[in-house]
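Asks: Numbering (the numbering used here), first residue to last: 657 to 876. Every residue gets a Cβ at the ideal spot worked out from N, C-alpha and C, and that includes glycine. All figures in this text were calculated on a predicted structure; none of them were measured in a lab. Shown below is the structure under consideration.
Right, here's the structure in full:
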């Protein structure tokens with residue numbers, strides 16, 4: 657079960673969406689035709705952008721189109737689950753394009769696996785992270801009034817093939833989250849590795865750590 661890791665570095669969201677959709681569609685076609693294919697883990701960062709999932713509410717974007725332009729950001733309505741989130745420089749985005757059946761995973765188990773990989777990455781930096789009931793993603797102090805999200809997760813699946821994925825705040829400018837109700841929440845905060853550790857964290861180091869955790873969990 658080979659996992660092909662590709663780093664797109666910094667890429668505009670629209671370009672990444674187009675490319676991952678092409679790879680997603682190609683994997684589905686190959687799977688249905690009984691042809692060989694590769695499973696992908698794509699890593700990247702995006703310029704300032706907001707994405708709103710299928711079940712998201714427009715009211716969770718707190719800025720007008722004109723205000724978005726002033727802060728140099730764009731809003732996209734996309735085909736993943738979940739509500740609204742922010743992507744930007746200093747945030748590690750990971751788009752696994754996988755045939756879940758090859759890894760004997762259902763969609764719920766897959767999302768749990770993504771969360772577990774990020775929880776382990778956080779633990780490697782001495783940060784205790786976990787899950788929050790009925791709230792997909794990875795949280796710190798999730799069951800307290802200080803609950804804050806460090807990683808958002810939203811996926812799309814068709815024929816047990818996945819796209820979209822996770823966004824881990826590494827050295828993210830968290831001010832951009834103040835313009836939305838992140839993931840639809842109005843009573844919970846956001847954080848980053850940098851915020852928790854009080855230092856900038858090397859992005860390449862986090863990329864390597866996340867890939868190792870994902871590969872280890874998927875190839876058990």
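1) Run through the region 783-865 for me and flag every whole alpha helix (DSSP H) of 4 or more residues, listed as ranges in chain order.
2) Measure the alpha-carbon distance for residue 667 versus residue 731 and round it to whole angstroms.
3) Output the distance between the C-alpha atoms of residue 800 and residue 690, rounded to the nearest integer angstrom.
4) Got a sec, what are the start and stop residues for the alpha helix (DSSP H) residue 684 sits in?
5) Specify the secondary structure class of residue 766 as computed by DSSP and reduced to three states.
6) Buried or exposed for residue 754, going by 16 or more other Cβ atoms inside 10 Å?
7) Could you name the residues of the same chain whose beta carbon sits closer than 6 Å to that of residue 769, not counting the 5 residues immediately before and after it, in chain order?
8) Skipping 5 residues on each side, what residues in its chain have a beta carbon closer than 6 Å to that of residue 816?
9) Alpha carbon to alpha carbon, what distance is there between residue 718 and residue 776?
Replies: To lay it out plainly:
1) The region 783-865 contains these whole alpha helix (DSSP H) runs: 849-853.
2) Position 11 of the chain shown holds residue 667. Position 75 of the chain shown holds residue 731. A straight-line Cα-Cα distance of about 16 Å links residue 667 and residue 731.
3) In the chain shown, residue 800 corresponds to position 144, counting from 1. In the chain shown, residue 690 corresponds to position 34, counting from 1. The straight-line gap from Cα to Cα measures roughly 49 Å.
4) The residue labelled residue 684 in the question sits at position 28 within the chain shown. DSSP places residue 684 inside the alpha helix (DSSP H), whose first and last residues are 669-689.
5) Here residue 766 refers to the residue found at position 110 of the chain shown. In the three-state reduction of the DSSP assignment, residue 766 falls in the helix class, which pools H, G and I.
6) Mapped onto the chain shown, residue 754 falls at position 98. It is buried - the Cβ of residue 754 has at least 16 other Cβ atoms within 10 Å.
7) As a working mapping, residue 769 is identified with position 113 in the chain shown. Within the same chain, residue 769 has close Cβ partners 873.
8) For the purposes of this step, residue 816 is taken as residue 160 along the chain shown, with counting starting at 1. Leaving aside the five residues that flank residue 816 on each side, the residues in its chain whose CB is nearer than 6 Å to its CB run, in chain order, 756 and 757.
9) Along the chain shown, read from residue 1 onward, the residue named residue 776 stands at position 120. Along the chain shown, read from residue 1 onward, the residue named residue 718 stands at position 62. The alpha-carbon atoms of residue 776 and residue 718 are separated by roughly 33 Å.
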